[in-house]
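Sequential numbering from 1 applies to the sequence shown in full-length UniProt numbering.
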Amino acid sequence: MSVPHRGWLGQPQLRTGERGHRQATWFELFYDLAFVVIVGQIGLIVVHDPSWWGVGQAALLFSVVWWAWVGEVFYTTRFDADTDRAKRLIGTLQLIALTLLAASIARGGLADIRVIAAAYALVRTLQVLEIWRAQRFIPEARPLTRHFLIGYGSGVLLWWVGVALPVRWGAWLWGAGFLIEILTYVRGTRFHRRYPPHVSHLPERYGLFTILMLGESFIGAVAGSATRSLTWSAGVLVALSVAGAVAMWWIYFDRIDIEAITALSRPGTASQRPFVIWLFAHMPIAFGLALNGAGVDLLLHENTEHSRPSGLILIAGQIIFVLAEAVVCATAVGAGPPQLRLTHGVAARVISAAMLAVVALVAWQTDSAMLTLVLSAAVLWSVVIYDFIRGRHAGIIT
Numbered sequence: 001m002s003v004p005h006r007g008w009l010g011q012p013q014l015r016t017g018e019r020g021h022r023q024a025t026w027f028e029l030f031y032d033l034a035f036v037v038i039v040g041q042i043g044l045i046v047v048h049d050p051s052w053w054g055v056g057q058a059a060l061l062f063s064v065v066w067w068a069w070v071g072e073v074f075y076t077t078r079f080d081a082d083t084d085r086a087k088r089l090i091g092t093l094q095l096i097a098l099t100l101l102a103a104s105i106a107r108g109g110l111a112d113i114r115v116i117a118a119a120y121a122l123v124r125t126l127q128v129l130e131i132w133r134a135q136r137f138i139p140e141a142r143p144l145t146r147h148f149l150i151g152y153g154s155g156v157l158l159w160w161v162g163v164a165l166p167v168r169w170g171a172w173l174w175g176a177g178f179l180i181e182i183l184t185y186v187r188g189t190r191f192h193r194r195y196p197p198h199v200s201h202l203p204e205r206y207g208l209f210t211i212l213m214l215g216e217s218f219i220g221a222v223a224g225s226a227t228r229s230l231t232w233s234a235g236v237l238v239a240l241s242v243a244g245a246v247a248m249w250w251i252y253f254d255r256i257d258i259e260a261i262t263a264l265s266r267p268g269t270a271s272q273r274p275f276v277i278w279l280f281a282h283m284p285i286a287f288g289l290a291l292n293g294a295g296v297d298l299l300l301h302e303n304t305e306h307s308r309p310s311g312l313i314l315i316a317g318q319i320i321f322v323l324a325e326a327v328v329c330a331t332a333v334g335a336g337p338p339q340l341r342l343t344h345g346v347a348a349r350v351i352s353a354a355m356l357a358v359v360a361l362v363a364w365q366t367d368s369a370m371l372t373l374v375l376s377a378a379v380l381w382s383v384v385i386y387d388f389i390r391g392r393h394a395g396i397i398t
């Protein structure tokens, strides 16, 4: 393992061989706050335009923003060190770029697409710089860092070239650059066993991001209910919104399925595919939660003109969430010995998605915010109860 530099700036440290519990650093938690702001602005796109176009814009922006966050986590779980002050300074520059990105989204979604692309390219350039520092200071990690320097560097270069071109041409380069970055990560799976992510740090980072996305439901409940008079019905709507958010928290955190990560640290030649699927499944998990928050905001508005789309947006977010949760649960099935509770967990989530689709039809017909929230919360809580019962039968929950 590399020994961190004792100078003031410090240097990266290879963390892949560490055992035991490892928590997120204070700077990592601070860094995540920028994404709370960005996701909040993305959610407002849907609130202001509850249509397929609005949701499509939000999904596109969210994918890019989420990938920028993943890029930082990729580095920190393997190379971060508390004594690396240069890394904090690079992170500070990223926060500036992320704030500019959030401000650009706030001005009108994709209206400032060139500025958004430039801000993203700057964030990714700084992350490539971090990987270059790991390449310089940690010789034993160079097979890994070289692969990602070439791949990520090529993708980011296309982003910068696209910024310099008219948007109609630049968009093609941005798409190509993004695809290169994704493929770089997927093709880099051969390094995961040699340089595995930390088995406690990585799940915690993704769990913390999930909590931040769950917070969008509270923001939506506050923003939406602020337009209503303080009545019993308004209070019940807020309570149901919170109950739905708590159920989704329970579904995810009461049985965090990290077998796909722990399998990387075990000797053997088991497939690394479950880990890659686990990682990418967290994008729709996070987006589904953000979409749920926007739906709550819309449903609770007293004078909304989009009551039917509001219910569909809320339930669409929940369906995306539970289906992605089913995929995460399935990675645990694929990464370890077969367990009945895991296969049943996948089935429960798929069935709940079908039930939520029925709720969406009922919501469309009745145009009732109260009924939409009651039925959707009931479906989500049925998954919580089912997981509890299966866990007790398996001897996991007492």
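Using N, Cα and C, we set each Cβ at its ideal position, and we do this for glycine too.
Open item on the list: Taking the alpha helix (DSSP H) that Thr145 belongs to, which residues open and close that run?
Closed with: Arg142 to Ala164
TODO: Quick one: give me the first and last residue of the alpha helix (DSSP H) that Gly175 is part of.
DONE: Val167 to Arg187
- [ ] Take residue 432 as the anchor and find which of Pro12, Thr83 and Arg168 has the nearest alpha-carbon.
- [x] Any property of residue 432 remains undetermined from this structure, which presents the chain solely from 1 to 398.
Task: Cβ neighbour criterion (16 or more within 10 Å) applied to Ser229 - done: exposed
Task: Outcome for Gly293 when other beta-carbon atoms lying within 10 angstroms are tallied against a minimum of 16 - done: buried
- [ ] In the DSSP assignment, find the unbroken alpha helix (DSSP H) run with Thr83 in it and report its ends.
- [x] Note, Thr83: premise wrong, no alpha helix (DSSP H); not H, not E.
Task: Span separating the alpha-carbon of Gly215 from that of Ala119 - done: 25 Å
Task: Contact the segment 234 to 247 vs the segment 162 to 169: 3+ CB pairs below 8 Å - done: no
TODO: Give me the Cα-Cα distance between Ser200 and Ile277, rounded to the nearest whole angstrom.
DONE: 18 Å
Task: Between the CA atoms of His301 and Ala226 - distance to the nearest angstrom - done: 8 Å
TODO: Determine the DSSP secondary structure at Arg22, reduced to helix, strand or coil.
DONE: coil
Open item on the list: My assumption, with CB atoms under 8 Å, is that Leu373 sits in contact with Leu165. Please give the rounded CB distance.
Closed with: So it is not a contact: roughly 46 Å between Cβ atoms.
TODO: Could you tell me the boundaries of the alpha helix (DSSP H) in which Ser233 lies?
DONE: Trp232 to Phe253
Task: Buried or exposed (CB count within 10 angstroms, at least 16 for buried), Leu312 - done: buried
- [ ] May I ask you to verify whether the segment 148 to 160 touches the segment 106 to 122, counting CB pairs closer than 8 Å and requiring at least 3?
- [x] yes
Open item on the list: Rounded to whole angstroms, what is the Cα-Cα separation between Ser310 and Gly317?
Closed with: 11 Å
- [ ] Report the three-state DSSP secondary structure of Trp8 (helix, strand or coil).
- [x] coil
- [ ] Following the continuous alpha helix (DSSP H) through Val226, name the residue where it begins and the one where it ends.
- [x] Correcting the residue identity first, residue 226 is Ala in this sequence and not Val. No alpha helix (DSSP H) holds Ala226; DSSP gives it neither H nor E.
TODO: Could you spell out the range, first to last residue, of the alpha helix (DSSP H) harbouring Asp297?
DONE: Arg273 to Leu300
TODO: Over the uninterrupted alpha helix (DSSP H) stretch that includes Arg136, give me the two end residues.
DONE: Ile113 to Phe137
Open item on the list: In whole angstroms, give me the CA-to-CA distance for Ile315 and Ser51.
Closed with: 14 Å
Task: Spatial distance of Phe27 from Arg78 (CA atoms) - done: 16 Å
Open item on the list: Please report the straight-line C-alpha distance between His21 and Leu361, rounded to a whole angstrom.
Closed with: 46 Å
Task: Endpoints, the alpha helix (DSSP H) within which Ala260 is located - done: Glu259 to Thr262
Task: Same chain, Cβ closer than 6 Å to Ile34, neighbours up to 5 away in sequence not counted - done: Reading the sequence as shown, one finds Ala at residue 34 and not Ile. For Ala34, where only same-chain residues beyond five positions count, the Cβ hits under 6 Å are Leu95 and Leu98.
Task: Pair within 7 Å by beta-carbon distance, Val346 and Ala378 - done: no
Task: Contact test: Glu216 Cβ vs the ligand MG heavy atom, cutoff 6 Å - done: The model on display carries no ligand, and the ligand MG is accordingly not part of it.
Task: Per-residue burial, Ile385 [other beta carbons within 10 Å of its own, 16 or more giving buried] - done: exposed
Task: Burial state of Val296, where buried means 16 or more other Cβ atoms lie within 10 Å - done: buried
Open item on the list: I want to know whether the segment 144 to 159 touches the segment 183 to 202 - three or more CB-CB distances under 8 Å.
Closed with: yes
Task: Assigned exposure category for Ser233 - 16 Cβ within 10 Å defines buried - done: exposed
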